[in-house]
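Positions 334 to 417 (the numbering used here) are the ones given, in order, by the sequence shown. Every residue, glycine too, gets a C-beta built ideally from N, C-alpha and C. Let me begin by presenting the structure, written as structure tokens, before commenting on it.
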Amino acid sequence: MRGKGELNKNKVESLYLDGFSGKEIAKILGAKEDTIYKCLNRNFSHLKEHNKAKRELKKLQDAEVKKLTYRECRKYMSDRSFIK
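Shown next as structure tokens:
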């Protein structure tokens, strides 16, 4: 049985492998950031490079989606006509 302050390490690991940061994991699980960072450092430090690469890929994908969305918006209405 888990105590009040104990984390599910499997859940933390799966979220970390999905590319979430410690801050995001804390928000999802409703735990303190310090608790999540300690758990990551103690148990999953060997996954740090994997997570870093995954986060960089996610950042590039988000930038590409933002760029394409902006392009599509401008296709139908220019900034000048939007302001009027």
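Checklist line | DSSP three-state assignment for residue 355, whether helix, strand or coil | finding: If you number the sequence shown from 1, residue 355 lands on position 22. Residue state, collapsed to three classes: helix.
Next item on the list: Starting from residue 383, trace the alpha helix (DSSP H) both ways and give me its first and last residue.
Entry: Locating residue 383 in the sequence shown gives position 50, where the first residue counts as 1. That run of the alpha helix (DSSP H) goes 381-409.
Note to self: Cutting at 7 Å between CB atoms, please list the residues of its own chain near residue 346, excluding the five before and the five after it.
What the structure shows: Translated into the one-based positions of the sequence shown, residue 346 becomes position 13. Same-chain partners within the cutoff: 377.
Next item on the list: Please classify residue 334: does DSSP put it in a helix, a strand, or coil?
Entry: Reading the sequence shown from its first residue, position 1 is the one you call residue 334. Caution is warranted here: a pLDDT of 36 is assigned to residue 334, below 50, making its placement in the model unreliable, and no coordinate value can be reported.
Check: Counting along the chain, where does the alpha helix (DSSP H) carrying residue 376 start and finish?
Finding: Counting from 1 along the sequence shown, the entry for residue 376 is found at position 43. Counting along the chain, the alpha helix (DSSP H) containing residue 376 begins and ends at 366-376.
Note to self: How far does the alpha helix (DSSP H) with residue 346 in it extend, from its first residue to its last?
What the structure shows: Here residue 346 refers to the residue found at position 13 when the sequence shown is read from its first residue. Start and end: 342-350.
Check: Leaving out five residues before and five after residue 380 in sequence, what residues of the same chain have Cβ atoms less than 7 Å from its Cβ?
Finding: Here residue 380 corresponds to residue number 47 of the sequence shown, with the count starting at 1. Counting only residues of its own chain and dropping the five nearest sequence neighbours on each side, residue 380 has a CB closer than 7 Å to the CB of 349, 350.
Next item on the list: Count the other CB atoms, across all protein chains shown, that sit within 10 Å of the CB of residue 369; report buried if there are 16 or more and exposed otherwise.
Entry: Here residue 369 corresponds to residue number 36 of the sequence shown, with the count starting at 1. Around the beta carbon of residue 369, 16 or more other beta carbons lie within 10 angstroms, which makes this residue buried.
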